[in-house]
Amino acid sequence: MTGRGKGAEYANAVLEFADSLFQPKAFRVAIAAFNNRAIRVWQKLGFKHQQSFERGSDGIQFIVLLRADYCNSNR
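Every letter in the sequence shown is one number past the one before it in numbering that gives the first Met the number 0, and letter 3, counting from 1, is 2.
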């Protein structure tokens, strides 16, 4: 299913499900820095870059994206 333009639809379904279960104050995702396609999907949904980190076991870089305004907006 990769590359068929369904990323935002999938991500929104994940957000709606998590919101209904947990009702968090914000959502945060960590994505491997090389995964530009996933980063673009989440940024299109309003997530903003917050920080970066390196996984100690193998040195892979990750970025952390945050979206605080999603929560409670669909209730």
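For glycine and all other residues, C-beta sits at the position ideal for the given N, C-alpha and C.
With which residues is residue i paired in a DSSP beta bridge?
i: Arg66; result: Phe26
i: Cys53; result: According to the sequence shown, residue 53 is Glu rather than Cys. For Glu53, which the question treats as bridged, DSSP gives the partners Gln60.
i: Lys47; result: Leu65
If you draw a straight line from the alpha carbon of residue i to that of residue j, how long is it in whole angstroms?
i: Phe16; j: Ile30; result: 19 Å
i: Gly6; j: Val40; result: 6 Å
i: Val28; j: Leu64; result: 5 Å
i: Tyr9; j: Leu20; result: 17 Å
i: Arg36; j: Gln42; result: 10 Å
i: Arg74; j: Lys24; result: Because Arg74 sits at a pLDDT of 44, beneath the cut-off of 50, its placement in the model cannot be relied upon, and the following sentence gives the value as read from the coordinates. Taking the straight line from one Cα to the other gives about 13 Å.
My assumption, with CB atoms under 8 Å, is that residue i sits in contact with residue j. Please give the rounded CB distance.
i: Ser51; j: Ile59; result: About 11 Å separates the two Cβ atoms, so there is no contact after all.
i: Asp68; j: Gly45; result: 7 Å
In the structure shown, what three-state DSSP assignment does residue i receive?
i: Glu12; result: In the sequence as displayed, the identity of residue 12 is Ala instead of Glu. Three-state result, Ala12: helix.
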